[in-house]
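Visitor:
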Amino acid sequence: MPKSEHERGEWGSRLGFILAAAGSAIGLGNIWRFPYVAGENGGGAFLVLYLVCVLFIGVPVMVAELTIGRFSRRNPVGAFEVIRPGSPWKIVGYLGVFTGICILSYYTVMAGYTLGYIVKTLIGDRMPFESFTANPILSLSLFAVFSILTVLVVQGGVKNGIERWAKILMPVLLFLLVVLIIRSVTLEGSSRGLSFYLKPDFSKVTGKTILAALGQAFFSLSLGMGAMITYGSYLSKKDNIVTSSGYVALFDTLIAIMAGLLIFPALFSMNMSPSEGPGLVFKVLPVIFNTIPGGHLVGASFFLLLSIAALTSTISLLEVVTAYLVDEKHFLRRRAVWIVALVCFCLGVPSALSQGIVPRLGRLPLVNMSFLGFMDWWFGNIMLAIGAVLISIFFGWVWKTRRAAAEILEGYPGFERFAPALDLLLKFFCPACIIVLLVFLFIGGE
Ligand code: PHE
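Per our numbering, the sequence shown starts with residue 42, numbered consecutively.
(1) Using three-state DSSP, classify K278 as helix, strand or coil.
(2) Taking the alpha-carbon positions, what's the I59 to P76 distance?
(3) Under DSSP, the alpha helix (DSSP H) around W375 begins and ends at which residues?
(4) DSSP state of P315, grouped into three classes?
(5) Examine the Cβ distances between the segment 408–426 and the segment 147–155 and report whether three or more of them are shorter than 8 angstroms.
(6) If you compare alpha carbons, which of V100, P241, A86 and L478 is closest to T284?
(7) Quick check on T258: does DSSP put it in helix, strand or coil?
(8) Which residue marks the beginning of the alpha helix (DSSP H) containing E229, and which one marks its end?
(9) Nearest to K240 by CA position, among V89, N116, V322 and I333, is which residue?
(10) Are there any heavy atoms of ligand 1 lying less than 8 angstroms away from the beta-carbon of S357, as far as the coordinates show?
(11) For L214, collect the residues of the same chain with a Cβ closer than 8 angstroms to its Cβ; drop the 5 residues on either side in sequence, then sort them by chain order.
(12) What is the rounded straight-line gap between the Cα of V93 and the Cα of A63?
(13) List the whole-angstrom C-beta distance separating L235 from F305, where the pair is believed to meet the contact cut-off of C-beta under 8 angstroms.
(14) Using CA atoms only, rank isn't needed, just tell me which of L228, V408 and S433 is closest to L467.
(15) Pair every Cβ in the segment 298–312 with every Cβ in the segment 398–408, then say whether three or more of these pairs are closer than 8 angstroms.
(16) Only counting the same chain, and skipping five residues up and downstream in sequence, which positions put a Cβ closer than 8 angstroms to that of A175?
(17) Are the Cβ atoms of I270 and A120 separated by less than 9 angstroms?
(18) Would you kindly work out how many angstroms separate the C-alpha atoms of S180 and A426, rounded to a whole number?
(19) Given this structure, state the Cα-to-Cα distance separating L96 from N71, to the nearest angstrom.
(20) Indicate the three-state DSSP secondary structure (helix, strand or coil) for D464 in the structure shown.
(21) To the nearest whole angstrom, what separates the beta carbons of M266 and G137, a pair I think is in contact under 8 angstroms?
(22) Is I282 buried or exposed, if buried means 16 or more other CB atoms sit within 10 Å of its CB?
So, in structure tokens, the structure goes:
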């Protein structure tokens, strides 16, 4: 039996939910991952593909996840069980929980670096990114501190922990981004960066580029592993799922576009290469701060806000696994949170050691990536895409949009008109696009 709504907790207000879901979506994915993936995949063309993926695949999948969550009032595993009892569909939920644990493991490593950069920028330390991440004690302690911070917020539960933080801090991040973009685009030689980013060159687009854009859309919107099923389960019946999804996607995409506007002009004005890889923002941002009066303070505040944005995302990752253990395995919330965090920490150690500490982990044989890069490619792209395809098939073909629409109609009586469009997207368009791309990738197409 699902627990009563009162016991499970519910969002305090619609705005609170939107900000918390946007908090999950907005994070390192926008500011760390988006610019480096865009840089590696050709800039402008990637941006266009990314926007198409968000609009036609990301938003429908988000509506599907939130609806499944609100209807079932459960974690991803329980949700499939409530809608199709006794069927193998709950494997999709397990897959999500597993993917969540894996993403959390390396994501927290990167979040730890962000935390370290607050102090590093404040004291004006000029150590290069590579030397910073090559210090094992520093990397592992920052990783541990960030894990503990996540645990402390998730322990507080939905309304007091997650919602309160998200409400205050997201708007501040937006403001600081605007200030820094103005600085970046006024640097000398920045216009080449703007044209790299805003003038698409489709001649370099390959199957891999499209898959990277699609994976980035899922990663950035927190889709494909049940985070939005879990957040949807705390949503009230009065809320409009479709417009809420629209707002979350809009905020998230806005921040990613802004991150690109911040990074690429500065990058080109410094004559650096856009395909720097995962260290990109950590290398570019300090240079921008050095050109601003009081740059130490501005820089430190920026990394502080970025750490908080990362925290609202790690919270959502941890919440998925915690909700599963609390709902299905009847763990006490407090115990569940600590156990999951410990498992994620152990799993994250190789990622933390792969950035200049253990050379073998820095370049894995066959795949030619660092352990962290490999985890990100595999779980942050492929597993999310697999999860999303299964969720859309479940929604469109198994639960059926017709039945799901009854849930969406609560809170959005005008949905009737749009139901056929959602049906087409989730039944045919999303699964077809994702499957074609995955097959293409596995048969080694370019
Ligand atoms: N969307 C988050 C970000 O952009 C990361 C995330 C992925 C969170 C998947 C939850 C689930 O940083």
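Cβ atoms here follow ideal geometry from the backbone N, Cα and C, with glycine treated the same way. Owing to the predicted nature of the structure, the values given are computational and were not obtained by experimental measurement.
Guide: Concretely, from the data shown:
(1) In the structure shown, the three-state DSSP call for K278 is coil.
(2) Whole-angstrom Cα-Cα distance: 24 angstroms.
(3) Strictly speaking, residue 375 in this sequence is Arg, with Trp absent from that position. Annotation for R375: the continuous alpha helix (DSSP H) segment containing it runs R374 to L394.
(4) Looking at P315 - three-state DSSP - the assignment turns out to be coil, as it is neither helix nor strand.
(5) Yes, the segment 408–426 is in contact with the segment 147–155.
(6) Relative to T284, the option among V100, P241, A86 and L478 whose CA is nearest is V100.
(7) Contrary to the premise, residue 258 reads as Ala rather than Thr in this sequence. Assignment of A258 by DSSP, reduced to helix, strand and coil, places it in the helix class.
(8) It is not in any alpha helix (DSSP H) - E229 carries neither H nor E in the DSSP assignment.
(9) Measuring from the Cα of K240, the nearest candidate turns out to be V89.
(10) Yes - ligand 1 has a heavy atom lying nearer than 8 angstroms to the Cβ of S357.
(11) If the five residues before and after L214 are omitted, its C-beta is found closer than 8 angstroms to the C-beta atoms of I67, I296, L346, L347, I349 and A350, all from its own chain and listed in chain order.
(12) One C-alpha to the other measures close to 19 angstroms.
(13) Their Cβ separation, rounded to whole angstroms, is 7 angstroms, which keeps L235 and F305 in contact under 8 angstroms.
(14) Checking every option, the nearest Cα to that of L467 belongs to S433.
(15) No: the two stretches stay apart, fewer than three of their Cβ pairs being nearer than 8 angstroms.
(16) Cβ within range, chain order: Q396, G397 and I398.
(17) Yes, these two residues count as a Cβ contact at 9 angstroms.
(18) Those two C-alpha atoms are separated by around 30 angstroms.
(19) Looking at the backbone, the Cα of L96 and that of N71 are separated by about 16 angstroms.
(20) Looking at D464 - three-state DSSP - the assignment turns out to be helix.
(21) With a beta-carbon spacing of about 4 angstroms, M266 and G137 fall inside the 8 angstroms limit used to define contacts.
(22) With 16 or more Cβ atoms within 10 Å of its Cβ, I282 is classed as buried.
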